[in-house]
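These protein sequence lines map, in sequence, to chains R, F and B.
The numbering of the first sequence is the working numbering, which starts it at 1 and goes up by one.
The numbering of the second sequence is the working numbering, which starts it at 178 and goes up by one.
The numbering of the third sequence is the working numbering, which starts it at 319 and goes up by one.
For each residue, glycine too, the CB sits at the ideal point set by N, CA and C.
Notes for the one structure printed next.
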Amino acid sequence: MSRFLAPILILVVLVGFFFIGLHKNPNIVPSPLIGKPAPQYELPLLLKPGETLGTEKLLGQVYLLNVWGTWCFACRAEHGVLMEIARQNIVPIYGFNSRDDPQKARQWLADLGDPYVASMVDTDGLVGIDWGVYGAPETFLIDQTGIVIHKLIAPMTMRIWHEDFLPLIQQLKAARP
Amino acid sequence: MKKMIAVLLLMPLALFAVDNNDALEDPELQERYETITRELRCLVCQNTPISDSNAPLAEDLRNQVREMLLAGSSNREIYSYMTDRYGDFVLYKPPFVKRTLLLWLAPGILLLLGGTVLVRTVRQRAAMPIDDDDENEEEIE
Amino acid sequence: MIPELGLFSLVLAFCLAIIQSFAGLAGAHWRKPEWLALVRPMATGQFVFVALSFGLLTWSFIVNDFSVEYVAMNSNTGLPTFYRIAAVWAAHEGSLLMWILAMSIWTLSVSWLNEEIPEVFRARVLGVMGLVNSGFMLFVLATSNPFVRLLPAAIEGRDLNPLLQDPALAIHPPILYAGYVGLAVAFSFAVAALIEGKVTSAWARWVRPWTLMAWIFLTIGIALGSWWAYYELGWGGWWFWDPVENASFMPWLMATALIHSLAVSETRGLFKSWTILLAISGFSLSLLGTFLVRSGVLISVHAFASDPARGLFILIFLGLCIGIALGLYIWRAPSLGSGAGFKVLSRESFLLINNLMLVVAAGLILMGTLYPLFMDALEMGKISVGPPYFNLVFLIPTLPMVLLLGVGMHSTWKRARWEPLRKRLKTPLLIAVPVALGLSFAWGRPSVLTFVGIFAGVWVILSAFSEIRERQEMGRNFFSLPRSMIGMLVAHIGLGLFVLGVTVTSVFSIEKDLALRAGDTVELAGYQFKLESLRNAEGPNFDAVEGMVTIRRNGKVVTTLYPQKRVYRVQTSPMTEAGIDAGWTRDLFVALGDDLGDESWSLRIQFKPLVRFIWLGALVMAFGGLLSMSEPRYRKIQKAEGVAP
Numbered sequence: 001m002s003r004f005l006a007p008i009l010i011l012v013v014l015v016g017f018f019f020i021g022l023h024k025n026p027n028i029v030p031s032p033l034i035g036k037p038a039p040q041y042e043l044p045l046l047l048k049p050g051e052t053l054g055t056e057k058l059l060g061q062v063y064l065l066n067v068w069g070t071w072c073f074a075c076r077a078e079h080g081v082l083m084e085i086a087r088q089n090i091v092p093i094y095g096f097n098s099r100d101d102p103q104k105a106r107q108w109l110a111d112l113g114d115p116y117v118a119s120m121v122d123t124d125g126l127v128g129i130d131w132g133v134y135g136a137p138e139t140f141l142i143d144q145t146g147i148v149i150h151k152l153i154a155p156m157t158m159r160i161w162h163e164d165f166l167p168l169i170q171q172l173k174a175a176r177p
Numbered sequence: 178m179k180k181m182i183a184v185l186l187l188m189p190l191a192l193f194a195v196d197n198n199d200a201l202e203d204p205e206l207q208e209r210y211e212t213i214t215r216e217l218r219c220l221v222c223q224n225t226p227i228s229d230s231n232a233p234l235a236e237d238l239r240n241q242v243r244e245m246l247l248a249g250s251s252n253r254e255i256y257s258y259m260t261d262r263y264g265d266f267v268l269y270k271p272p273f274v275k276r277t278l279l280l281w282l283a284p285g286i287l288l289l290l291g292g293t294v295l296v297r298t299v300r301q302r303a304a305m306p307i308d309d310d311d312e313n314e315e316e317i318e
Numbered sequence: 319m320i321p322e323l324g325l326f327s328l329v330l331a332f333c334l335a336i337i338q339s340f341a342g343l344a345g346a347h348w349r350k351p352e353w354l355a356l357v358r359p360m361a362t363g364q365f366v367f368v369a370l371s372f373g374l375l376t377w378s379f380i381v382n383d384f385s386v387e388y389v390a391m392n393s394n395t396g397l398p399t400f401y402r403i404a405a406v407w408a409a410h411e412g413s414l415l416m417w418i419l420a421m422s423i424w425t426l427s428v429s430w431l432n433e434e435i436p437e438v439f440r441a442r443v444l445g446v447m448g449l450v451n452s453g454f455m456l457f458v459l460a461t462s463n464p465f466v467r468l469l470p471a472a473i474e475g476r477d478l479n480p481l482l483q484d485p486a487l488a489i490h491p492p493i494l495y496a497g498y499v500g501l502a503v504a505f506s507f508a509v510a511a512l513i514e515g516k517v518t519s520a521w522a523r524w525v526r527p528w529t530l531m532a533w534i535f536l537t538i539g540i541a542l543g544s545w546w547a548y549y550e551l552g553w554g555g556w557w558f559w560d561p562v563e564n565a566s567f568m569p570w571l572m573a574t575a576l577i578h579s580l581a582v583s584e585t586r587g588l589f590k591s592w593t594i595l596l597a598i599s600g601f602s603l604s605l606l607g608t609f610l611v612r613s614g615v616l617i618s619v620h621a622f623a624s625d626p627a628r629g630l631f632i633l634i635f636l637g638l639c640i641g642i643a644l645g646l647y648i649w650r651a652p653s654l655g656s657g658a659g660f661k662v663l664s665r666e667s668f669l670l671i672n673n674l675m676l677v678v679a680a681g682l683i684l685m686g687t688l689y690p691l692f693m694d695a696l697e698m699g700k701i702s703v704g705p706p707y708f709n710l711v712f713l714i715p716t717l718p719m720v721l722l723l724g725v726g727m728h729s730t731w732k733r734a735r736w737e738p739l740r741k742r743l744k745t746p747l748l749i750a751v752p753v754a755l756g757l758s759f760a761w762g763r764p765s766v767l768t769f770v771g772i773f774a775g776v777w778v779i780l781s782a783f784s785e786i787r788e789r790q791e792m793g794r795n796f797f798s799l800p801r802s803m804i805g806m807l808v809a810h811i812g813l814g815l816f817v818l819g820v821t822v823t824s825v826f827s828i829e830k831d832l833a834l835r836a837g838d839t840v841e842l843a844g845y846q847f848k849l850e851s852l853r854n855a856e857g858p859n860f861d862a863v864e865g866m867v868t869i870r871r872n873g874k875v876v877t878t879l880y881p882q883k884r885v886y887r888v889q890t891s892p893m894t895e896a897g898i899d900a901g902w903t904r905d906l907f908v909a910l911g912d913d914l915g916d917e918s919w920s921l922r923i924q925f926k927p928l929v930r931f932i933w934l935g936a937l938v939m940a941f942g943g944l945l946s947m948s949e950p951r952y953r954k955i956q957k958a959e960g961v962a963p
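See the structure below:
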């Protein structure tokens, strides 16, 4: 009897998996960096080309690292949200300007406003590889000790900010004021 | 119209790229380069290897592979460089680890299962009487 | 008005399909002759209205009616008329309508071409087919209406995806869909047989030509797709194990297994429940493929724009269709009877091995295709399963299968003896080994696996030919064999050619990416490729840069190729048109890459030995199927073991 039942059991299992699969996005690849130290780097700043910033210098604070570029449509869409988050002044946002023309990038910030404490310039995209960046916008959450806590691979929205980021940030701040 | 554009963006075109770099001088390195770039999945362009993609990221990753090869890295080092940054997703050949156990053992399991059924069926049938009154067995395939 | 009429026809066709299934299934159950009499007219009417609906959508494309959203999205005034017609099935909605049209044509054929089948049984088959098709019509009406208006109308269309502007790809979907949907015929015959609780040799004889036809369409459809990918995508690959490709390959493997198992069920009355299960599985995998491609659960290069509502609909439909069929299977299969015995060495055993290996191969592809989804659903991270896995794993069942095929082809039913088998196979074996060795070294140094692959191909071909020689020795003409036998031999020769082509191409192809200036020459596999010049060219709806590459061998010009890099004006995406010199023994392939700025261009040049054998083999296989189908006994009116009402 069991050999006649096997096919329908396979069907039930498959349909179950497909049902779960329908609610997932196969295009989003989670970062292996979560829970690990952020990569070491130092990059020049977009607005103060003489100065540099990097993981080492950013230690000691909880911050967001937002990957953006003027070539990225969705970055324009999320820009207003980033401005709002910056206004709330809960965590600093650092920009990571990826594969861009610095001239255009500066113009972008002048036109749309600058939510970033500072933006680093990764013209050739090499540091981006260390961060596992594969599209933009992407937003990382890094804690005081330089550990990567969370990564968003999509435009930031207020909802995502409230539901995913804020609780994590409050936790981090509570653990290590 | 806006909706249309959104829909179109969801459909990635399979764009082909030629590697714009010159071949590596050492033919052995070049061969390893070709193998590795064909087994690494491009993240931006979905289902194409970085060898055949014209996305900027694919180009950077190709250069990275090239430089690591020239610096004397082993294939294993190059693959783990990639998975450290992008996860196992970039490997077209999944690693043999606990969670891929079923995947890699599938051929063995399926053949064993099928083989058992096969042997049992044939044995059973061999023990049964053969009907020799069929009229058309000779010519029908 | 025209699009609304199209939609109305589809609604009408849906109603007729519902009546057809009710009249067929209920009429057969309660033995109502007046209901049964309704089935054929309904099937005919359903076809007429589906065809009308399809025709009206096509008309909207021909006259560039951009007030229809689907037309505006997939066509353009600059698009040549041929491609405007092909654009009908270029995206999700229209391709589904074509799927429905194909199903209607199969339904119509079953209702008119099966005079020898008892009316009650035929009504059941058509009843099931009506249910399947009405499910798809409901899908279109509920989630994917191609006739939706765009207000205000677009001034110009977004144009057909340039990748699809190609003759082979224009006809690839209709043929492939005809194959997918054709498996629904075998499925419906299986379900009808389960309802009656009886599977006879006659049943197998009825199903076989339909299955063969569907299999032929699938074979040609897949081969066309692969050929298209080879010359159009520009990287010279012919198979990438992409989910969409796998979705078409799994039903093919199942259909192949089904054809073989039907042979046993027909001649020997054996493996009945197994045959039924295969008939159900073949179409189930078609449905599964549809789900995978259109729901967005997997990443694929050819994915349709995805929509979760559509995914959910197909999932429910798929669950119901297959679930009901398998439910009937649990109920009826145990009592289908088991038939007689056979010896260990017999044709039955070999066909059983064939079935096992084909099903295992399909199972492994299914596993590889779905494993990333399983991992993701279980929150175990994302992984990729790609060509390296499939290339390796697929050989495990198929290589032994092909090697055994050479023997199995000649063994007799019930009991075979070693002695005659050995006598017959000695000569092909003695020829195959040196020929395979010679071929192995013809292009370079082979590995053991390469040799085995080449040997397998040669061996199958020679083994099939030995049958012809045998007949001649017996003083009989080859053509005195039954057609189905000749078809079988031809199809296996096709398989041999295919195996040969795949092995040699995969191992001995040479590929180079280079930067060249006009006047530069490079050497590849004994050929000198010279980039003579580059010029601008213009097509009806694209601009291009065209290279002129002369290829010489030993100083003599072999051919001149004109690879293009096109930019289509509307969608402005760059496209590669490779220059290919096709030949029996090798292809020379040149694709233009990018302008590198310093007057040089990047080029990919390739030498691909025996690559034509891949598609040639597929065509020969399909031709073998056609020969088998033409077997007179499938058309004879035989009421002997009729399925009693």
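For residue 517(B), no Cβ of chain R is located within less than 7 Å of the residue's own Cβ. Residue 48(R) and residue 207(F) have their C-alpha atoms spaced approximately 42 Å apart. Remark: three or more beta-carbon pairs, one from each stretch, lie closer than 8 Å, so the segment 796 to 808 of chain B and the segment 941 to 948 of chain B are flagged as touching. For residue 866(B), the three-state secondary structure derived from DSSP is strand. Close to residue 560(B), with beta-carbon spacing below 8 Å, are these residues of chain F in chain order: 224. Identification of residues in the segment 250 to 275 of chain F having a C-beta nearer than 8 Å to some C-beta of chain B yields 264, 265, 266, 267, 268, 269, 270 and 271, given in sequence order. In terms of Cβ geometry, residue 943(B) and residue 534(B) form a close pair [threshold 7 Å]. Chain order gives the chain F residues near residue 671(B) as 295, where near means a beta carbon separation below 8 Å. Interface residue (Cβ-Cβ distance to chain B less than 7 Å): residue 206(F) is not classified as such. By the rule that beta-carbons nearer than 7 Å mark a contact, residue 127(R) does not touch chain F.
With a beta-carbon spacing of about 7 Å, residue 606(B) and residue 636(B) fall inside the 8 Å limit used to define contacts. Residue 765(B) has its alpha-carbon roughly 37 Å from the corresponding atom of residue 582(B).
The beta carbon of residue 63(R) does not come within 7 Å of any beta carbon belonging to chain F, so the residue lies off that interface. Going by DSSP, residue 829(B) is part of the beta strand (DSSP E) stretching over 828 to 835.
The shortest CA-to-CA distance from residue 664(B) to any of 730(B), 813(B), 755(B) and 777(B) is the one to 730(B). Annotated as distal: residue 232(F) and residue 242(F), with beta-carbon spacing of 7 Å or more. Taking 7 Å as the cut-off, the Cβ atoms of residue 74(R) and residue 26(R) do not count as close. At a cut-off of 7 Å between C-beta atoms, residue 21(R) counts as an interface residue with respect to chain B.
Distance check between residue 735(B) and each of 661(B), 503(B) and 718(B) places 661(B) closest, using alpha-carbon atoms only. In the structure shown, residue 92(R) falls within a coil segment according to DSSP collapsed to helix, strand and coil.
Along the segment 234 to 247 of chain F, the positions whose C-beta sits under 8 Å from a C-beta of chain R are 234, 237, 238 and 241, read in chain order.
Taking a C-beta distance under 7 Å as the contact criterion, residue 228(F) and residue 214(F) qualify as a contact pair. Across the structure, residue 740(B) and residue 724(B) are spaced so that their CA atoms are roughly 12 Å apart. One finds nothing in chain R with a Cβ atom closer than 7 Å to the Cβ of residue 847(B); even the nearest lies about 33 Å away. Contact between the segment 528 to 548 of chain B and the segment 565 to 574 of chain B is present, with at least three C-beta pairs closer than 8 Å. In the three-state DSSP reduction, residue 151(R) falls in the strand class (E or B). For residue 883(B) and residue 555(B), the gap between their C-alpha atoms comes out near 18 Å. Membership of residue 174(R) in the alpha helix (DSSP H) is indicated by the continuous run 166 to 175.
Around residue 927(B), the same chain offers 761, 822, 826 and 904 as residues with beta carbons nearer than 6 Å, after the five sequence neighbours per side are excluded. Between residue 164(R) and residue 41(R) the beta-carbon gap is near 25 Å, outside 8 Å, which marks them as no contact. Three or more beta-carbon pairs separated by less than 8 Å are not found between the segment 406 to 415 of chain B and the segment 432 to 444 of chain B, which leaves the two stretches without contact. Any Cβ of chain R closer than 7 Å to the Cβ of residue 691(B) would place that residue at the interface, and such an atom is present.
Each residue's CA atom was taken as its position, placing residue 466(B) and residue 385(B) some 9 Å apart.
Secondary structure note for residue 851(B): its beta strand (DSSP E) is the uninterrupted segment 845 to 856. For residue 260(F), the enclosing alpha helix (DSSP H) stretches over residues 252 to 263. With fewer than 16 other CB atoms across the displayed protein chains lying within 10 angstroms of its CB, residue 36(R) is exposed.
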